[in-house]
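Have a look at the structure below before the remarks.
Residue numbers (our numbering): 77 to 235.
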């Protein structure tokens, strides 16, 4: 009987520990989701939640922010991606660190979360790396390209 009580105590302790760890994880996800997307994690797609702590996805631009930048006639690089796109998952770890090394701000637009903006920016397939000059798109790379192509693209428009 004593052994049974000990085993039950251990099982209860394990479940309590798992519950506490899960709560901490959810809380961490919520904080990061609010920081990047302005909403709690439960409002985001599961694939987006998986990328919240990924260092390659920390320059998220929200639709209102992008529209404001365009209306303000800013020159900028914008990367349209989807967390569930395997091409995007290969391209992002190439271009995001490259942009940082070249001291280029790369705005990242998550089309999985903001699908209703696909037509606004004429996005038919992804990933898309676009350059806007004075608020007008002048060139883009669609799909996965060679690393040198991205570097040349950044160099061509870097200010």
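Every residue gets a Cβ at the ideal spot worked out from N, C-alpha and C, and that includes glycine.
Looking at 123, 149, 131 and 141, the one whose alpha-carbon comes closest to that of residue 114 is 141. Where residue 155 is concerned, the enclosing beta strand (DSSP E) starts and stops at 152-157.
Per DSSP, the continuous alpha helix (DSSP H) segment holding residue 146 begins and ends at 139-147. In the three-state reduction of the DSSP assignment, residue 136 falls in the strand class, which pools E and B. Contact annotation: the stretch 165-182 touches the stretch 223-235, with at least three C-beta pairs closer than 8 Å. Residue 206 is not a Cβ neighbour of residue 137, given a cutoff of 7 Å. In this structure, residue 188 places its C-beta atom within 7 Å of the C-beta atom of residue 158. Using a Cβ distance threshold of 7 Å, residue 220 and residue 185 do not count as a contacting pair. Within the same chain, and ignoring the five residues on either side of residue 147 in sequence, the residues whose Cβ sits closer than 8 Å to its Cβ are 211. In this structure, the alpha-carbon of residue 165 lies about 50 Å from that of residue 79. Looking at the DSSP output, residue 123 sits in no beta bridge, so it has no partner there.
Taking residue 104 as reference, the option from 86, 126 and 149 with the minimal CA-CA separation is 126.
For residue 213, the uninterrupted beta strand (DSSP E) segment begins and ends at 212-218. Secondary structure note for residue 223: its alpha helix (DSSP H) is the uninterrupted segment 223-233. Residue pairing by DSSP places residue 207 opposite 153 and 215 in a beta bridge.
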